[in-house]
Amino acid sequence: MQIEAVKVRRLYLQVAEQLSNFIGEGTLEPGQRLPSERDLASQFCVSRPTVREAMIALEIAGLVEIRSGSGVYVHAGAGSSLSTGLAEEVPGPLEILEARHAIEGETAALAAARIDQDTLAALRRELNVIADPSASTEKKEAADQQFHQLIAEASGNSALHSTIIWLWDLRNRTQISRSFHQRLRRQGSTPVVRDHTAILEALEQGDAKAARRQMHRHLQRVLDLILAD
Numbered sequence: 662m663q664i665e666a667v668k669v670r671r672l673y674l675q676v677a678e679q680l681s682n683f684i685g686e687g688t689l690e691p692g693q694r695l696p697s698e699r700d701l702a703s704q705f706c707v708s709r710p711t712v713r714e715a716m717i718a719l720e721i722a723g724l725v726e727i728r729s730g731s732g733v734y735v736h737a738g739a740g741s742s743l744s745t746g747l748a749e750e751v752p753g754p755l756e757i758l759e760a761r762h763a764i765e766g767e768t769a770a771l772a773a774a775r776i777d778q779d780t781l782a783a784l785r786r787e788l789n790v791i792a793d794p795s796a797s798t799e800k801k802e803a804a805d806q807q808f809h810q811l812i813a814e815a816s817g818n819s820a821l822h823s824t825i826i827w828l829w830d831l832r833n834r835t836q837i838s839r840s841f842h843q844r845l846r847r848q849g850s851t852p853v854v855r856d857h858t859a860i861l862e863a864l865e866q867g868d869a870k871a872a873r874r875q876m877h878r879h880l881q882r883v884l885d886l887i888l889a890d
């Protein structure tokens, strides 16, 4: 008896695969506008972030075209299936952001009680890069990542630190997340200076509640901006 390993399919991939099947069989025709994100979320019984990730996967595969402010349309030269590279069993970019929202608030609260002056100085240096109008987008994003990972390290909890490093690695490494963040860059999205300043000030004051609150506000703002597009 040959047993195959049981796989838990990512929700966004399940949605994307069903829609790609509709495109392949002609139920959704080239040039046709897909139902709204809200309607698809209701029909598939999933969240809007899941639908958003499915749309990104379909766009990367060349099956749909996302027109900002207009909707999602079946691509004129659409094939019939997702590309092999998008079948990877990894969290989607919005799943990663939701996980960071859940985890990094508590990490910042712990860091507020344990952070040292050297780390605060390092965070200030990274913030200066984020705030520097002459710095490239690549430098600002690298500083953003280092800012968050320094806070994770300052929490003194190696499990939280390792988890946050892993989430950032997924953000940078997987095809769907890379494409997602490239789209955000083209739209002019950069790390928000005031959010990072508020987080750092809470850490400097050793205020765990404020650090948690400001980190949550920062990551929720990112999620809201993405879903509002």
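Read left to right, the sequence shown gives residues 662 to 890 (our numbering).
For glycine and all other residues, C-beta sits at the position ideal for the given N, C-alpha and C.
Item: Beta-carbon contacts of Lys870 that lie in its chain and below 6 Å, excluding the five residues immediately before and after; Value: none
Item: 8 Å Cβ shell around Glu865 - same chain, five flanking residues per side excluded; Value: Leu781
Item: DSSP three-state assignment for Glu799, whether helix, strand or coil; Value: helix
Item: Supposed contact pair Gln810 and Arg825 - C-beta distance, whole angstroms, cut 8 Å; Value: Checking the sequence shown, residue 825 turns out to be Ile, not Arg. Right, the Cβ-Cβ distance comes to about 6 Å (below 8 Å), so this counts as a contact.
Item: Simplified DSSP assignment, three categories, for Glu690; Value: coil
Item: Stretch-stretch touch, CB-based, cutoff 8 Å, three pairs: the stretch 714 to 728 with the stretch 827 to 839; Value: yes
Item: CB of Met876 within 8 Å of CB of Ala769, strictly; Value: yes
Item: Bounding residues of the beta strand (DSSP E) (the contiguous stretch that carries Val751); Value: Looking at the DSSP string, Val751 is not in any beta strand (DSSP E), and its letter there is neither H nor E.
Item: Continuous alpha helix (DSSP H) stretch holding Arg874: start and end; Value: 869 to 889
Item: Neighbourhood of Gln679 by C-beta, 7 Å cutoff - its chain only, sequence neighbours within 5 removed; Value: none
Item: Which residues DSSP lists as bridging Glu767, in chain order; Value: Note: Glu767 sits in no beta bridge, so no partner.
Item: Glu698 vs Arg709 beta-carbon contact at 8 Å; Value: yes
Item: Length at least 4, wholly inside the stretch 672 to 722: the alpha helix (DSSP H) runs in chain order; Value: 672 to 685, 698 to 705, 709 to 721
Item: Rounded C-alpha distance that separates Phe683 from Asn833; Value: 31 Å
Item: Residues bridged to Val735 [DSSP beta-bridge criterion]; Value: Val725
Item: Member of Leu828, Glu756, Ser816 whose CA lies at the smallest distance from the CA of Val707; Value: Glu756
Item: Gly817 versus Gln778 - alpha carbon distance; Value: 14 Å
Item: C-beta atoms of Val853 and His879 nearer than 8 Å; Value: yes
Item: Cutoff 6 Å; reference Glu714; Cβ partners in own chain excluding five residues on either side; Value: Tyr673, Gly753, Leu755
Item: Which listed residue (Asn789, Val735, Glu799, Glu862) has its alpha carbon closest to that of Pro691; Value: Val735
Item: Simplified DSSP assignment, three categories, for Asp779; Value: helix
Item: Ordered list of alpha helix (DSSP H) runs contained in the stretch 808 to 876, each at least 4 residues; Value: 819 to 834, 836 to 847, 854 to 865
Item: Exposed unless 16 or more other CB atoms sit within 10 angstroms - verdict on Thr745; Value: Low per-residue confidence applies at Thr745: pLDDT is 45, beneath 50, and the placement is therefore not dependable enough to give any value.
Item: Nearest neighbour of Leu861, chosen from Trp827, Gly766, Leu884 [CA to CA]; Value: Gly766
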